[in-house]
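First the structure, in the form of structure tokens, and then the observations on it.
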């Protein structure tokens, strides 16, 4: 079992697929194999990405505010998700600056 369980509100990094290397917030755990993730930018709450757990690397960070809202069934907004990722230092891959080398 992983040190950091994949749960609602957890920040995860994708390690497979066209979105490889991007950071997302888990918004729903579907079953033992799949979760739904959003970043509020490319993957919005209206159309969350269904992703296999084995294709995700959980970080140590859980955004408690989002986690509580998700568990209570309260409405969250894409702007909140974007703000959460930005404030916690997880910028989208495209916004990290030019490649070195």
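In our numbering, the protein residues as written are 1398 to 1498. Even for Gly, the Cβ is constructed at its ideal location relative to N, Cα and C.
Excluding sequence positions up to five away, which residues of its chain have a Cβ less than 8 Å from the Cβ of residue i?
i	result
residue 1461	1406
Excluding sequence positions up to five away, which residues of its chain have a Cβ less than 7 Å from the Cβ of residue i?
i	result
residue 1466	1473
Just to confirm my understanding: we take residue i, look at its own chain, exclude 5 residues before and 5 after, and list those with CB closer than 6 Å. What are they?
i	result
residue 1478	1422, 1435, 1437
residue 1417	1411
residue 1446	1434, 1440
What is the DSSP secondary structure of residue i, counted as helix, strand or coil?
i	result
residue 1433	strand
residue 1463	helix
residue 1450	helix
residue 1483	helix
residue 1458	strand
residue 1477	helix
residue 1468	helix
In the DSSP assignment, find the beta strand (DSSP E) that holds residue i and state where it starts and stops.
i	result
residue 1408	1407-1411
residue 1421	1420-1426
Assign residue i to one of two classes, buried (16 or more other C-beta atoms within 10 Å of its C-beta) or exposed (fewer than that).
i	result
residue 1415	exposed
residue 1427	exposed
residue 1451	exposed
residue 1444	exposed
Notebook entry, point to check: Are three or more beta carbon pairs between the stretch 1450-1467 and the stretch 1405-1423 nearer than 8 Å?
Noted result: yes
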